[in-house]
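Q: This structure is in structure tokens; I'll ask about it shortly.
So, in structure tokens, the structure goes:
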């Protein structure tokens, strides 16, 4: 029986791209720059993913993560020809955008519905500080913040999932992993967790081609987070 549900956050629960684009557009307007905010947002996100892939599932404290986000921003600015175009204060402030990303419209009501029956928590490589402030801003009603720090350092993503389940005092098969990214669900399934997928076709903008449908017959496939809540509520009755 499933007792807890873990969620990928960036892209699945919050709309990172719109949040970054709007914040970057405001910064560019103040600086008088005619720059492409969506291109920088995409480059910054990809640079952050590259850093996380290099770090694996190692614990990251809040200050170290802020520094990592700043380095990724600097590399992205240089990549698109904006190196040195922003003030130091603007460059220092921009990483805080990651703490203020908006939820998808169905995220908060869906999480609140699931919270009635299950323990809900984020499963992410973000530091606890980032997850806490993001939840505060977006109104995400987590029961507990599970980010990198509570689990033992693990380079193997499947082992990290086992550690997160253990942190809740649960066996892997009592936990479900939810993500709009198929790649997140393979290590979860390998670890013995149940899996759930729904697509976020607007995550990467209008030209998105990835994760538009499930790549495997995951345990649950939903339309969005509200539909997932409805399916899980029905399953809990039987």
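In this note's numbering, the protein residues as written are 48 to 285.
Here a beta-carbon is modelled for each residue, glycine too, at the ideal position from N, C-alpha and C.
Does the count of Cβ pairs from the stretch 67-75 and the stretch 140-151 closer than 8 Å reach three?
A: Taking a cut-off of 8 Å for Cβ pairs, the stretch 67-75 and the stretch 140-151 touch, as three or more such pairs fall below it.
Q: Write down every uninterrupted run of the beta strand (DSSP E) in the stretch 185-245 whose length is 3 residues or greater and which is fully enclosed by it, in chain order.
A: 222-226 and 241-244
Q: Drop a sphere of 10 angstroms on the beta-carbon of residue 253, count the other beta-carbons inside from all chains shown, and report buried for 16 or more, exposed for fewer.
A: exposed
Q: Name the two residues that bound the continuous beta strand (DSSP E) containing residue 166.
A: 166-169
Q: If you follow the alpha helix (DSSP H) that residue 273 is in, where does it begin and where does it stop?
A: 272-283
Q: Pull up the distance between the alpha-carbon of residue 237 and that of residue 205, whole angstroms please.
A: 6 Å
Q: To which residues does DSSP link residue 57 through a beta bridge?
A: 61
Q: Below 7 Å CB to CB, which residues in the same chain sit around residue 58 once its five sequence neighbours on both sides are set aside?
A: 227, 228, 247 and 250
Q: Skipping 5 residues on each side, what residues in its chain have a beta carbon closer than 6 Å to that of residue 160?
A: Excluding five sequence positions before and after residue 160, the CB atoms of its chain that fall closer than 6 Å to its own CB belong to 276, given in chain order.
Q: May I ask you to report which of helix, strand or coil DSSP gives residue 85?
A: helix
Q: For residue 134, count the other beta carbons within 10 Å of its own beta carbon; 16 or more makes it buried, fewer makes it exposed. Which is it?
A: Under this definition residue 134 is an exposed residue.
Q: Between residue 141 and residue 74, how many whole angstroms is the CB-CB distance? I'm expecting something under 8 Å.
A: The Cβ separation is near 6 Å, so the contact holds.
Q: Measuring alpha carbon to alpha carbon, tell me which residue in 116, 244 and 166 is nearest residue 288.
A: Lying outside 48 to 285, the shown extent of the chain, residue 288 is not represented and no answer is given.
Q: How long is the line joining the alpha carbons of residue 177 and residue 263, rounded to whole angstroms?
A: 31 Å
Q: Tell me whether residue 152 is buried or exposed, calling it buried when 16 or more other Cβ atoms sit within 10 Å of its Cβ.
A: exposed
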